[in-house]
Each structure stands twice: as C-alpha cells, then as structure tokens.
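In the working numbering, the protein residues as written are 2 to 426.
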C-alpha cells in the first residue's frame, strides 16, 4: 500500500509538483473565507436578491475575462499570467471584503474574483502542459483532494464563528487569507518555469503582433480552437461537457454564493449546523477523491463520469425534495451529492486535460470558460429570479446542467467504442 502511494505521488514532476506543493496555502484560506462570505455579506446588510445580482454581474465579468484570457495568456506566457491574475483574483478580493461595508465594495471584489477565469487557464496550462497524461490526471486529483481537505477544518471554523460571532471571525479569515495567499503566489512564481509550448507560443504571438492588429490577435486563439473542435468530434463533446459542468460548479457547489444560504433558507439550519453540513460535504468529496479516483485510470475515466453523474443527480433531487429541519436527511443528501461531485470534479478535469491535447489548448480552455460564462450568466439570472419564489429551483437547474453533461460524455464514449471496433477490424 505504501509503495502504491509512493508511486502515485512519484508521478508528479516539475511544475505539477510545485503547483501541488503550494496549493494548500491557497486552498485552506480560500475555502474557509468563501464558505462564510455569503452569510457575512447578509450580516452587513446585503439581501438575498442582491446576492443574486452579485452572482449575475460576476458571471458577466467572467464572460468578459474569459474572452480576454487566451490572447492575454499567449502573450504574457503561462507563468506570468498565473502570477498576475492569481494576485488579482485570489489575494485582493478578501482584502476588499475586509474593508467593504456595502454592495459596491462587494461588487468590486466579485468582479476581481472573476479574473480567475484568466488565472485558472494559465494555472492549468503551467501545471500540465509539459506533463504526461497520467501525471495530469494525478495532478488534478491531488489538487482537488487538497482543496477538499481544507474544508474539513470547517467544524473548527464553525466553533470559532459560533463563539466569537460571524462578522468578527470572517474579518479575521479575510485578512489571514490575503496575507497567506499573497506570500504563496510570490513564492510559487519563483519556483515555476514557463512551459516549452508556452515559450514557443509567446514568441510566435509577439512576432505576429508586429504584422497584425489587436482585434485579430484577440480573435485568433478562439478561431484556431474553434477550427480544431469542428474537426474533432470527441474533443468538441468533451468541451461541451466541461461547459455544462462549469455552470453546475458555479451555481450549485461550494463555489456558489447560494450554497450555504440554501442550508439556512431552505433547510432551516442555524450557522453551526450549516458549518457541519459543509464539513460533511467536504468529507464526502475527500472520500471519493482518495478512495475512488486513484482507481480510475485514463481508460475508465469516461465510465466514472457517467456513474458519478447519476449519483450527483440523486443527491440534487434529494436536496430539492427533503423537508426542512430534518437534519439526518440533509446529511444523507449532502453526502450523496458530495461523493458524486468528488468523482466528477477530478474526472472531468482529467478528461479535459487529455482530450484538449493540441497547440490550441489555451484557446480551447479559454473558449470553454467563455461559453460557460455566457451560459452561466443566463442560468444564474433565471435562478436568481426563481430562487425567491422556490429555493429548490437552485438544484433543479443544477440537475439540468449535470444531465446535459452526461449526454455529451455518453456520446464521447460511444465515439471511442466505434473507433476501437474499426481499429480491431
């Protein structure tokens, strides 16, 4: 067992190793401060309707930043773009939240937070671009495991919140998050190296820029990516699956501003109970990522998505149907939803990394972010309008996104099966 674990970690090399080693110093503070940020904003006077407005405007900002991401990353390089936009999207927002007292400050923080659309593409590329497929799958799974482990600290955070008050403790979480993440981002930048592909594309873009306008420079990565996807049906289906999954992540998981309020608004839980449900959610994800995901290699990853997608749909359905104040049913629902998501997150990340293999990868990731932001803006606006009438609409819409993703993955699996039959003949 020890040798297998050693072999698993041994697959990490170079930039992937640096990114995973530094990730706890991002994952822990980020997870704690974002978990309570919705309740904190409500405490300082922001209504549930205004939370919805923040989500809609944030998704609109995500659309704009997704549009800009590919040309910015190709021109700056993967490493530099990761450094600059991680500071803007990760370190600066908690500092703004710390000082804000109204909707305007929260809006600025939310807009800056969504520059993560640029950072995430650059970060994923710098982590996986020089790596082999198995290394990419391992790196994404460990990345997600670290993020989830951070969530297990939630009961301790919940005790502190219960004892000293939500506003006081969240302000401490925000200040600590800013300091820890800022230092980590600087140290990580020193240790990272620009990828080979990133260096080649940066030099190519800078040379072409002398002979082309800024509009053409911005459009070219998307045109190249779109052309690649038109010719590759499997890659196209994978991108669509990732698109629907991204909308689900931002709307219905721990990344959503509605995640914790749903426990209090719909399920009638107090702050401490909501903290415990959050810990159960992270525990379920961790269980899946540690015990199930390492057993899934490249060959079984599509089947893993189909099974875990069905599990996720079951959890989402229960979240809509269970009565309020029945805590044990809430625990069961959250655990099922978490296990499904824990498998899905690493598997969808891995599939995207494997099937986007091409020189147009930055454009493919950026195009996916762009499309998911556009769809997310529409779905979030619908959810915001319906949430005040019936909170269950949150997870009904999430279920539609997961179901759409499963249809895409099923088509990929069918396409691969047909190719294997043709090759055997």
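All residues carry an ideal CB built from backbone N, CA and C; glycine is no exception.
Note that the coordinates shown come from a computational prediction; the quantities given were computed from them, not determined experimentally.
Beta-carbon contacts of residue i that lie in its chain and below 6 Å, excluding the five residues immediately before and after
{"i": "residue 56", "result": "258, 381"}
{"i": "residue 415", "result": "none"}
{"i": "residue 141", "result": "347, 350, 351"}
{"i": "residue 155", "result": "276, 279, 280"}
Residue span of the alpha helix (DSSP H) that contains residue i, given as start and end
{"i": "residue 321", "result": "302–322"}
{"i": "residue 141", "result": "134–152"}
{"i": "residue 275", "result": "272–292"}
{"i": "residue 340", "result": "328–356"}
{"i": "residue 30", "result": "25–44"}
{"i": "residue 51", "result": "49–77"}
{"i": "residue 102", "result": "Run containing residue 102: none; DSSP gives neither H nor E here."}
{"i": "residue 364", "result": "362–388"}
{"i": "residue 190", "result": "167–192"}
{"i": "residue 253", "result": "234–253"}
{"i": "residue 123", "result": "117–129"}
{"i": "residue 391", "result": "Careful: residue 391 lies outside any alpha helix (DSSP H) and carries neither H nor E."}
{"i": "residue 263", "result": "260–266"}
Backbone CA spacing between residue i and residue j [nearest angstrom]
{"i": "residue 16", "j": "residue 194", "result": "7 Å"}
{"i": "residue 97", "j": "residue 78", "result": "28 Å"}
{"i": "residue 377", "j": "residue 248", "result": "5 Å"}
{"i": "residue 413", "j": "residue 348", "result": "14 Å"}
{"i": "residue 75", "j": "residue 199", "result": "7 Å"}
{"i": "residue 183", "j": "residue 92", "result": "5 Å"}
{"i": "residue 38", "j": "residue 205", "result": "42 Å"}
{"i": "residue 297", "j": "residue 165", "result": "43 Å"}
{"i": "residue 68", "j": "residue 58", "result": "15 Å"}
{"i": "residue 411", "j": "residue 253", "result": "23 Å"}
{"i": "residue 422", "j": "residue 71", "result": "Caution applies to residue 422, whose pLDDT of 46 falls short of 50 and renders its modelled position unreliable; the model cannot decide the point."}
{"i": "residue 207", "j": "residue 223", "result": "17 Å"}
{"i": "residue 226", "j": "residue 14", "result": "28 Å"}
{"i": "residue 178", "j": "residue 27", "result": "8 Å"}
{"i": "residue 159", "j": "residue 277", "result": "8 Å"}
{"i": "residue 354", "j": "residue 319", "result": "32 Å"}
{"i": "residue 32", "j": "residue 255", "result": "9 Å"}
{"i": "residue 409", "j": "residue 361", "result": "21 Å"}
Residue i vs residue j beta-carbon contact at 7 Å
{"i": "residue 192", "j": "residue 19", "result": "yes"}
{"i": "residue 480", "j": "residue 82", "result": "Since the first residue shown for the chain is 2 and the last is 426, residue 480 is missing from the structure and cannot be characterised."}
{"i": "residue 279", "j": "residue 36", "result": "yes"}
{"i": "residue 107", "j": "residue 101", "result": "yes"}
{"i": "residue 24", "j": "residue 99", "result": "no"}
{"i": "residue 188", "j": "residue 30", "result": "no"}
{"i": "residue 90", "j": "residue 128", "result": "no"}
{"i": "residue 269", "j": "residue 321", "result": "no"}
{"i": "residue 1", "j": "residue 375", "result": "As shown, the chain starts at 2 and ends at 426. That puts residue 1 outside it, with no answer to give."}
{"i": "residue 281", "j": "residue 335", "result": "yes"}
{"i": "residue 126", "j": "residue 373", "result": "no"}
Close beta carbons around residue i, own chain, < 8 Å, minus the five adjacent residues each side
{"i": "residue 49", "result": "43, 262, 266, 388, 389"}
{"i": "residue 197", "result": "130, 131"}
Below-7 Å beta-carbon distance, residue i vs any chain D residue
{"i": "residue 76", "result": "The chain labelled as chain D is not found in the depicted structure, where only one protein chain is given."}
Whole-angstrom C-beta distance between residue j and residue i, which should lie under 8 Å
{"i": "residue 366", "j": "residue 122", "result": "4 Å"}
{"i": "residue 88", "j": "residue 21", "result": "That belief does not hold up - the Cβ atoms of residue 88 and residue 21 are roughly 20 Å apart, past 8 Å."}
{"i": "residue 402", "j": "residue 260", "result": "Contact doesn't hold; Cβ gap of about 15 Å is too wide."}
{"i": "residue 1", "j": "residue 404", "result": "This structure does not reach residue 1, given that the chain is present from 2 up to 426, and the question cannot be answered."}
{"i": "residue 315", "j": "residue 146", "result": "Between residue 146 and residue 315 the Cβ distance is about 23 Å, and since that is not below 8 Å, they are no contact."}
{"i": "residue 162", "j": "residue 343", "result": "About 25 Å separates the two Cβ atoms, so there is no contact after all."}
{"i": "residue 345", "j": "residue 313", "result": "6 Å"}
Own chain, CB closer than 7 Å to residue i, minus 5 neighbours either side, in chain order
{"i": "residue 407", "result": "307, 310"}
{"i": "residue 41", "result": "167, 168, 171"}
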